[in-house]
Structure formats: C-alpha cells, structure tokens
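Structure first, then comments.
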Amino acid sequence: MSGVRVLVGTRKGAFVLSSDGKRDRWEVCGPFFAGWEIYHLKGSPADPNRLYASQTSGWFGQVLQRSDDGGTTWEPAGNEFAYDGVPGTHQWYDGTPHPWEFKRVWHLEPSLTDPDTVYAGVEDAALFRSVDGGKSWQELAGLRGHPSGASWAPGAGGLGLHTIVLDPTHPDRIFIAISAAGVFRTDDAGMTWRPVNQGLRSQHIPDPTAEVGHCVHRIAMHPSRPGVLFMQKHWDVMRTDDAGESWQEVSGNLPTDFGFPIDVHAHEPDTIYVVPIKSDSEHYPPDAKLRVYRSRTGGNEWEALTRGLPQKDCYVNVLRDAMSVDSLDPCGVYFGTTGGQVYASSDAGDSWAPIVRDLPAVLSVEVQTLA
Amino acid sequence: MIRVVLPYHLRRLAHVGEEVQLQVEGAATLRSVFDALEAGYPMLRGTIRDHGTLRRRPFLRFFACEQDLSHEPPDTSLPDAVASGAEPLLVVGAVAGG
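Residue numbers (the working numbering), protein chains in the order written: chain A, 2 to 372; chain B, 882 to 979.
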C-alpha cells in the first residue's frame with residue numbers, strides 16, 4: 002500500500018505527518034528538535050528512509066540532523082560550514098562591503114541518486130556539498146567566486162541561497178536561486194556558474210534588467226521536462242523554456258504577482274501552483290482569502306482554488322519552501338502557513354483540508370511518496 | 882573531575898543530564914574544558930564556540946563561582962573551586978528572543 006510522509010519544518014521544531022495512499026487520515030509525530038528553528042528537512046529520493054534536517058538557533062548556531070529510519074530517530078551530523086579560502090566580501094544593505102559570514106542552512110537538497118550526497122544552500126549565500134552523509138561539508142566555491150559575487154546584496158530576509166534544483170537528465174547541471182542575486186546555473190557539477198536571469202525585470206533595483214540582483218523567491222521544475230522552469234519572483238511569476246537562457250512573465254490574471262512558493266503537478270508538467278500574497282509590505286493573502294492559484298497552461302491563465310480554504314479573515318503567509326506535491330494519482334498538493342496550518346489536497350488542488358491547524362509557524366513542507 | 886552545567890537545548894542535543902563531568906588534561910581553562918567537552922560530545926562543536934575561531938557564541942555566557950568569565954581570554958585559569966570540581970562551570974543562554 003502506498004503512503005505519504007509530509008516533513009514539516011517550523012519555528013519551533015519539526016513534525017512528520019503520515020498517511021496511507023488515501024490521504025484522509027493522518028498521524029502527527031513530533032515535535033522533533035523542540036524549540037529550535039527547522040528551516041528545512043528533506044528525504045533522499047534514492048533512499049526514502051534517509052532524511053536531512055537543518056536545525057538552527059540564534060543561541061547555539063547551526064546543527065545538521067540526519068535520520069536513517071524515515072524520521073523516527075535522528076543523529077547530529079556535521080555542522081561546520083567553512084567558506085573556501087579567504088571569504089572576501091559581499092555588498093551590505095548600505096552598499097558597503099561586508100564580510101561573508103555563515104549564518105544558517107536554508108535548504109537541503111539530497112542527490113537524486115546517492116543518499117550520502119546532499120547539497121546545502123546557506124546564508125550568507127553559498128552552496129555546500131557533502132558526499133559522506135552530512136558528516137563533512139565542502140563549499141562549491143565557484144558560485145560565490147563568480148565575478149558578480151562581491152556585488153550580491155541581501156534581501157530583507159538575508160542573503161540566502163534558498164533553492165537548489167537538480168537536473169535529472171544532466172547530472173552536472175544544477176540551478177540555484179539567491180535572494181537577492183537571482184538564478185545561477187552550473188553545467189559542470191558546480192565548478193563554474195553563470196547567472197541566468199535574462200528577461201527578469203525588477204523595478205526596485207537600479208537597473209531593472211540587470212544580469213544579477215533580482216529577488217527570486219523560488220524556482221521549480223518538472224523532472225520530465227528539465228529545460229522548463231517556473232519562478233515566483235518578488236514580483237512576477239516567470240517561465241523559461243530554455244533552462245534559464247530567457248524568461249517570460251506568465252503572471253496573467255493572478256490577483257497579485259507577489260508570493261513565495263511555486264510548484265509543479267507531479268504528472269502534468271504544465272500545471273503549476275502559486276499562492277498570491279498581497280504585497281511585500283503586507284505579507285498576507287489579498288482580501289484576507291487564502292487562495293491557491295493553479296494554471297493548467299504553464300502560466301498566464303490561472304484559476305483560484307478555494308474549496309476548504311479560509312475565505313475570510315485570513316492573514317497568514319506561505320513561505321517559499323512551504324509547498325510540495327506527492328506523486329500519487331490524483332496528485333496531492335500540500336502547503337503550510339505562518340499560522341501553523343498544513344493544508345492538503347488529494348485531488349490536485351480542487352479541494353483542501355487541514356492535516357493540522359495549530360503547529361508553530363511553518364517554514365517548510367516536503368513530501369515523500371512511499372511505495 | 883570538572884563539572885559543566887549546560888543549557889536545556891544543549892543537554893537535549895548531547896543526550897545528557899543537567900551536568901556533565903569531564904576529565905581535563907593539564908590546567909583547567911575555558912579552552913581546555915571546552916576542548917574536552919567537545920571531544921566527548923562532538924555534536925556540541927560549533928554550538929558554544931564558533932568553528933574555526935573558537936570564539937564564544939554571542940548569546941552565551943560562562944559563569945562560575947559568582948563570576949562572569951565570559952570575556953576572559955580562553956587560556957585564563959578557571960577558579961580553583963571549578964578545577965577541583967567543588968563548583969560547576971555554567972554555560973548560560975541569554976534570556977532573549979521570545
């Protein structure tokens with residue numbers, strides 16, 4: 002019997018939500034790492050029992066946790082993220098040079114094929130890789146060493162590398178996204194990188210079409226079509242059909258084109274989901290109605306999905322890593338809110354129900370579909 | 882035997898009780914005590930002192946015998962009562978952040 006495991010990172014711990022393939026009854030386990038911020042946890046596609054979790058605290062710094070039994074038990078792994086060589090500087094909020102300083106791991110992306118290989122996107126923006134199951138970490142320094150690196154400036158939430166997308170057909174190709182530098186791509190397994198932001202337009206930066214400096218919130222890919230990427234930018238929903246060489250806006254009829262997460266249906270590469278948020282000044286849904294918007298045309302034409310979601314007095318946000326899909330049929334879609342709800346749809350978004358309502362603020366949601 | 886009292890979250894992380902007892906080779910200093918602590922409990926590396934620089938993390942303080950040792954150089958000898966095990970070295974998390 003198939004099943005689903007939903008891995009939820011929150012401001013005060015991690016939770017594991019489990020169900021069989023019907024997805025109508027859920028078991029809630031946790032909190033794990035109670036009291037700590039869990040920015041992200043994710044399972045290995047190559048071994049679903051292998052999970053990695055980023056555990057952080059303003060007092061005690063970064064801890065990296067690993068589970069080999071699907072989240073039942075955890076052990077601390079390596080937590081030393083040392084920038085390669087002399088770190089140098091990036092641009093600070095006031096425009097002055099500021100030394101690179103490791104703050105936390107925002108996102109963990111396990112290898113598609115090897116459970117012991119995992120990538121970590123960190124703040125200040127850098128990409129690290131472990132090939133020993135998280136015991137030790139090495140920076141892929143070609144990214145931060147890009148000539149534009151010294152000009153990268155933090156977004157309001159920090160200079161975070163928050164998105165890592167692995168190309169299943171080109172093992173040496175990786176996409177990453179940084180707030181507020183933009184998208185970068187490597188075609189040589191992380192040795193060299195180049196920005197792929199052509200077509201992005203950001204009015205709030207000095208050169209709206211600059212090669213680097215865009216506040217990209219998240220990018221998503223369907224594994225069957227790795228040249229097509231979808232992006233939720235600070236403003237605008239974007240699409241590329243040529244692996245980032247050029248982007249086109251596909252915001253279409255969205256009520257607002259600000260938001261954080263974006264994800265793709267497991268079986269329909271042109272069906273995508275976003276959660277519009279009113280603005281960067283007011284981080285809650287427009288009209289106080291929580292609506293997921295779905296496009297079945299790869300963008301531009303969007304429909305509001307509201308059944309089962311609060312349609313009045315709703316002032317939560319949905320953060321960039323807090324949406325995910327399962328690969329059952331029909332496709333399940335999941336997202337978590339800053340109000341502590343985790344909503345699930347087992348019919349590709351047509352209807353929704355909360356799995357839990359009162360967790361701490363949700364930072365991340367990842368889904369594992371279990372055989 | 883040197884006694885170290887850890888804050889709640891680090892006890893949970895290291896799977897220990899309130900107090901850890903350590904054998905420290907040579908003089909008892911902040912450096913030698915934390916070196917011994919991290920050798921015995923590697924998961925605590927980076928959580929009290931930063932990796933690399935070994936500087937105290939900003940929101941932590943080190944107290945013993947009613948003294949604040951937080952700003953002492955790492956090789957300063959700890960009070961005799963700590964070195965003898967009569968009194969513990971306290972690692973205290975700042976009350977901050979909500």
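Just so it is clear, CB atoms sit at the ideal spot from N, CA and C, and this is done for glycine as well.
Assuming aspartate 258 of chain A and aspartate 237 of chain A form a contact by the criterion Cβ under 8 Å, report the distance between their Cβ atoms to the nearest whole angstrom.
Translated into the one-based positions of the first sequence, residue 258 of chain A becomes position 257. Translated into the one-based positions of the first sequence, residue 237 of chain A becomes position 236. At roughly 5 Å, the Cβ-Cβ gap stays under 8 Å, so aspartate 258 of chain A and aspartate 237 of chain A are in contact.
Tell me, please, whether the stretch 895 to 902 of chain B touches the stretch 46 to 58 of chain A by the rule of three or more beta-carbon pairs shorter than 8 Å.
Proximity of the stretch 895 to 902 of chain B to the stretch 46 to 58 of chain A falls short of the contact definition, fewer than three beta-carbon pairs being nearer than 8 Å.
Beta-carbon proximity list for valine 265 of chain A, same chain, < 6 Å, skipping 5 on both sides
As a working mapping, residue 265 of chain A is identified with position 264 in the first sequence. The residues are Ala221, His223, Ile273.
Beta-carbon contacts of valine 326 of chain A that lie in its chain and below 6 Å, excluding the five residues immediately before and after
Here residue 326 of chain A refers to the residue found at position 325 of the first sequence. Same-chain partners within the cutoff: Asp264, Ala267, Cys332, Val334.
Counting only beta-carbon atoms, is alanine 83 of chain A nearer than 8 Å to chain B?
The residue you call residue 83 of chain A lines up with position 82 of the first sequence. Yes, because at least one Cβ of chain B sits closer than 8 Å to the Cβ of alanine 83 of chain A.
Less than 8 Å between CB atoms is the rule here; does proline 77 of chain A satisfy it with respect to chain B?
Taking the first sequence and counting its residues from 1, one reaches residue 77 of chain A at position 76. At least one C-beta of chain B is nearer than 8 Å to the C-beta of proline 77 of chain A.
When DSSP builds the beta bridges, which residues end up paired with methionine 232 of chain A?
For the purposes of this step, residue 232 of chain A is identified with residue 231 of the first sequence, where counting begins at 1. Methionine 232 of chain A is bridged by DSSP to A/Ile220, A/Met239.
Which residue marks the beginning of the beta strand (DSSP E) containing alanine 47 of chain A, and which one marks its end?
Residue numbering aside, residue 47 of chain A sits at position 46 when the first sequence is read from its first letter. Taken as a continuous stretch (DSSP letters only), alanine 47 of chain A belongs to no beta strand (DSSP E), as it is neither H nor E.
Contact under 8 Å by Cβ, leucine 230 of chain A with glycine 245 of chain A:
On the first sequence, position 229 is the one that residue 230 of chain A refers to. On the first sequence, position 244 is the one that residue 245 of chain A refers to. Taking 8 Å as the Cβ cut-off, leucine 230 of chain A and glycine 245 of chain A qualify as a contacting pair.
Would you please verify whether the beta carbon of phenylalanine 940 of chain B is less than 8 Å from any beta carbon of chain A?
Counting from 1 along the second sequence, the entry for residue 940 of chain B is found at position 59. The beta carbon of phenylalanine 940 of chain B falls within 8 Å of a beta carbon belonging to chain A, placing the residue at that interface.
For leucine 397 of chain A, tell me which candidate among A/Ser180, A/Thr118, A/Phe185 has the shortest Cα-Cα distance.
In the structure as shown, chain A starts at 2 and stops at 372, and residue 397 of chain A therefore has no counterpart that could be examined.
Can you find the residues in the same chain that come closer than 6 Å, C-beta to C-beta, to arginine 12 of chain A, ignoring five residues on each side of it along the sequence?
The residue given as residue 12 of chain A occupies position 11 in the first sequence. The answer, listed in chain order, is Glu38, Pro361, Ala362.
Per-residue burial, glutamine 342 of chain A [other beta carbons within 10 Å of its own, 16 or more giving buried]
Sequence index remark: in the first sequence, residue 342 of chain A carries index 341 (1-based). Its Cβ being crowded by 16 or more others within 10 Å, glutamine 342 of chain A is buried.
Confirm, please, whether the CB-CB distance from glycine 350 of chain A to leucine 306 of chain A is below 8 Å.
Here residue 306 of chain A corresponds to residue number 305 of the first sequence, with the count starting at 1. Here residue 350 of chain A corresponds to residue number 349 of the first sequence, with the count starting at 1. Judged by their CB atoms, leucine 306 of chain A and glycine 350 of chain A are nearer to each other than the 8 Å cut-off.
Could you say which of A/Leu320, A/Pro116, A/Trp101 lies nearest to leucine 128 of chain A if we only look at CA atoms?
The sequence position of residue 128 of chain A within the first sequence is 127, counting from 1. Ranking the options by Cα distance to leucine 128 of chain A, first place goes to A/Trp101.
Looking only at C-alpha atoms, which of A/Val251, A/Asp48, A/Trp60 sits nearest to leucine 113 of chain A?
Along the first sequence, one-based indexing puts residue 113 of chain A at 112. With distances taken between Cα atoms, leucine 113 of chain A lies closest to A/Asp48.
Under 8 Å between C-beta atoms, does alanine 975 of chain B make it to chain A?
Here residue 975 of chain B refers to the residue found at position 94 when the second sequence is read from its first residue. Among the CB atoms of chain A, one or more fall inside 8 Å of the CB of alanine 975 of chain B.
Selection of the stretch 24 to 38 of chain A by Cβ proximity to chain B, strictly under 9 Å
Per Cβ criterion, the list reads Phe34, Ala35, Gly36, Trp37.
CB contact check: glycine 4 of chain A to chain B, cutoff 8 Å:
Working through the first sequence from its first residue, we reach residue 4 of chain A at position 3. False, the Cβ-Cβ gap to chain B never drops below 8 Å.
So which of A/Ser225, A/Pro227, A/Val217 has the shortest CA-CA distance to glutamine 233 of chain A?
Residue mapping note: residue 233 of chain A aligns to position 232 of the first sequence, counting from 1. Here the closest residue by C-alpha is A/Val217.
What's the C-alpha gap between alanine 909 of chain B and aspartate 956 of chain B?
Reading the second sequence from its first residue, position 28 is the one you call residue 909 of chain B. Reading the second sequence from its first residue, position 75 is the one you call residue 956 of chain B. Approximately 9 Å between the Cα atoms of the pair.
In three-state terms, what does DSSP make of serine 913 of chain B?
Start at 1 with the first residue of the second sequence, and residue 913 of chain B comes out as number 32. Helix, per DSSP.
Which of the three DSSP states, helix, strand or coil, is assigned to arginine 211 of chain A?
Position 210 of the first sequence, counting from 1, holds the residue named residue 211 of chain A. The residue you asked about is not arginine; residue 211 of chain A is alanine in the sequence shown. In this structure, alanine 211 of chain A counts as coil in the three-state DSSP scheme.
DSSP three-state label for tyrosine 84 of chain A, please.
Within the first sequence, numbered from 1, the residue matching residue 84 of chain A stands at position 83. In the three-state reduction of the DSSP assignment, tyrosine 84 of chain A falls in the coil class.
For a contact defined as C-beta to C-beta under 8 Å, what are the partners of leucine 894 of chain B on chain A?
Translated into positions along the second sequence, residue 894 of chain B becomes position 13. Within chain A, the residues near leucine 894 of chain B are Phe61, Val64, Pro77.
Got a sec? Which residues, its chain only, sit under 7 Å from methionine 924 of chain B by beta carbon, not counting five neighbours each side?
As a working note, residue 924 of chain B is residue 43 in the second sequence. Counting only Cβ-Cβ distances below 7 Å, and skipping sequence neighbours, we find Leu894, Ala895.
Since serine 346 of chain A meets chain B, which of its residues come closer than 8 Å, beta carbon to beta carbon?
In the first sequence, residue 346 of chain A corresponds to position 345, counting from 1. The premise fails here: serine 346 of chain A is roughly 33 Å from chain B at the closest Cβ pair, so nothing lies under 8 Å.
Give me, in chain order, the residues of the same chain whose beta-carbon lies closer than 7 Å to that of aspartate 69 of chain A; leave out the 5 immediate sequence neighbours on both sides.
Numbered from 1 along the first sequence, position 68 holds the residue referred to as residue 69 of chain A. Close CB contacts of aspartate 69 of chain A within its chain, under the 7 Å cut and outside five residues either way in sequence, are with Asn50, Arg51 (chain order).
Best match in B/Gly921, B/Thr934, B/Phe940, B/Val885 for proximity to proline 954 of chain B [C-alpha to C-alpha]:
Against the second sequence, residue 954 of chain B aligns to sequence position 73. Measuring from the Cα of proline 954 of chain B, the nearest candidate turns out to be B/Thr934.
Take the Cβ of alanine 15 of chain A as the centre, count every other Cβ of all protein chains shown within 10 Å, and call the residue buried at 16 or more, exposed below.
Along the first sequence, one-based indexing puts residue 15 of chain A at 14. Buried, by the Cβ-count rule.
Would glycine 898 of chain B count as contacting chain A if we go by Cβ distances under 8 Å?
Your numbering for residue 898 of chain B matches position 17 in the second sequence. False, the Cβ-Cβ gap to chain A never drops below 8 Å.
Neighbourhood of proline 311 of chain A by C-beta distance below 6 Å, restricted to the same chain and skipping five residues each side
Locating residue 311 of chain A in the first sequence gives position 310, where the first residue counts as 1. Within the same chain, and ignoring the five residues on either side of proline 311 of chain A in sequence, the residues whose Cβ sits closer than 6 Å to its Cβ are Leu291.
Any beta carbon of chain A sitting closer than 8 Å to that of threonine 928 of chain B?
Stepping through the second sequence from its first residue, residue 928 of chain B is reached at position 47. Yes, its Cβ sits closer than 8 Å to a Cβ of chain A.
Using a Cβ cut-off of 7 Å, pull out every chain A residue sitting near glycine 921 of chain B, in sequence order please.
Counted from its first residue, the second sequence places residue 921 of chain B at position 40. Residues of chain A passing the Cβ test: none, with the nearest at roughly 14 Å.
Measuring only from the beta carbon, is phenylalanine 943 of chain B closer than 7 Å to any heavy atom that is part of the ligand NAP?
For the ligand NAP, the structure offers nothing, since it holds no ligand at all.
Can you tell me where the alpha helix (DSSP H) holding alanine 983 of chain B begins and where it ends?
Residue 983 of chain B lies beyond the range of chain B shown here (882 to 979); nothing can be said about it.
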